[in-house]
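S.K.: Just dropping this structure here.
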Amino acid sequence: MDPEKILIWNVRGLNSAARQDSLRTIVDASRADILCIQETKISAMSNRVLLSALGSDFSEFSAVPAVGASGGILVAWRRHIRVSDNPRIDNHSITIQVSQSNGQNWWLTCVYGPQGNDAKIQFLQELRDIRAACPGPWMIAGDFNLIYKDEDKNNANLNRAMMGRFRKLINDLALKELPLHGRKFTWSNQQESPTLVRLDRVLCSVDWEDIFPNCLLQSAASDDSDHCPLLLGFHDNQRGRR
């Protein structure tokens, strides 16, 4: 069977039973086939954590370990999803190749962008290197920790140099951002007068969108993270692309 939905979420830690339960609730409700989870805060992913947080159907996964108590990426998929062997693991991302039942292959890169300008520059180069090694339909999803438009933030405290670097990457690699329905921002610092930012997003190549012209990206609700979960349905937009 082909994947129908992808869940994308900076969960702010899977190192507690409460967070594992929270993720499991969203996984079960969304019926996602592929999970792109950021900030696991786990240095070595265990079968116990996977079973608790995802359920028994997600036995296949790839992970970037956390460093100390920060970071970490998990990409997991249900048993029926066809993923090629040897996922590509980089400092800030995991890339897998998904095979459709019609023989069409496409790339999925799950990212967790770093803090700090130097690390962000290295991260953007990492994405260029991935693209050079992975031609064809491509989707990138996750917490980029970057913005490229003024409207991605609700105040004027902007790093325009870094915004320009991110915008140049998007243009150079001919990527498109999928519109997010139901929410303008994806992160809040949860203060009385909050800073709101669109840190979490999905980018894709034109030929990826040609495969999934009816995809729909929506936000989900959660009280357990300062990031909102995103749910991408491959066939949920019956009106077609916009």
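Following the UniProt record's numbering from start to finish, the sequence shown increments by one per residue and tops out at 242. Cβ coordinates follow ideal geometry from the N, Cα and C atoms, glycine included. Quantities reported herein were computed from a predicted structural model and do not represent experimental measurements.
1) Going by other Cβ atoms of all chains shown within 10 Å of its Cβ, with 16 needed for buried, is K184 buried or exposed?
2) For the 8 Å Cβ check, are there 3 or more pairs between the stretch 143-152 and the stretch 17-31?
3) Determine the direct distance from the alpha carbon of L127 to that of A133, and round the result to whole angstroms.
4) Taking the continuous beta strand (DSSP E) assigned at A89, which residues delimit it?
5) Only counting runs of 3 or more residues, tell me where the beta strand (DSSP E) segments fall wholly within the stretch 57-108, in order along the chain.
6) With C-beta atoms as the reference, is I6 less than 8 Å away from S62?
7) If you reduce the DSSP assignment to three classes, tell me which class V11 lands in.
8) For K153, which three-state DSSP category applies?
9) For L203, which residues from the same chain have a beta carbon less than 6 Å from its beta carbon, with the 5 sequence-adjacent residues on both sides left out?
10) Please name the residue in V197, G182, S30 whose C-alpha comes closest to that of S188.
11) Spatial neighbours of H92 within its chain, please: C-beta separation below 7 Å, excluding the five flanking residues on both sides.
12) Helix, strand or coil for R201 per DSSP?
13) For F144, which residues in the same chain have their Cβ closer than 7 Å to its Cβ, ignoring the five residues on either side in sequence?
14) Do A220 and I73 have their C-beta atoms within less than 8 Å of each other?
15) If we call anything under 8 Å between Cβ atoms a contact, is I42 one with V64?
16) Can you tell me where the beta strand (DSSP E) with A141 in it begins and where it stops?
17) Anyone know if the C-beta pair for W9 and L180 falls short of 8 Å?
18) If W138 and W107 are in contact, beta carbons under 8 Å, what's the gap, nearest whole angstrom?
M.R.: Checking against the coordinates, here is how it stands:
1) Classification of K184: exposed, given that the 10 Å Cβ count is below 16.
2) No contact exists between the stretch 143-152 and the stretch 17-31.
3) Within the model, the alpha-carbon separation for A133 versus L127 is close to 10 Å.
4) The residue you asked about is not Ala; residue 89 is Ile in the sequence shown. That run of the beta strand (DSSP E) goes 88-90.
5) 60-64, 73-77, 88-90, 93-99, all fully within the stretch 57-108.
6) Cβ atoms of I6 and S62: not closer than 8 Å.
7) DSSP, read as helix, strand or coil, puts V11 in coil.
8) Strand, per DSSP.
9) Cβ neighbours of L203 beyond the five flanking positions: I140, L175, E177.
10) Cα-wise, what sits closest to S188 is V197.
11) Within the same chain, H92 has close Cβ partners V111, Y112, G113, P114, F123, E126.
12) In the structure shown, R201 sits in a strand (DSSP, three-state: E or B).
13) So the qualifying residues of the chain are V111, G113, L199, R201.
14) No.
15) Contact: no.
16) From DSSP, the beta strand (DSSP E) with A141 extends over 138-143.
17) Going by C-beta atoms, W9 is not nearer than 8 Å to L180.
18) About 4 Å; that satisfies the 8 Å criterion.
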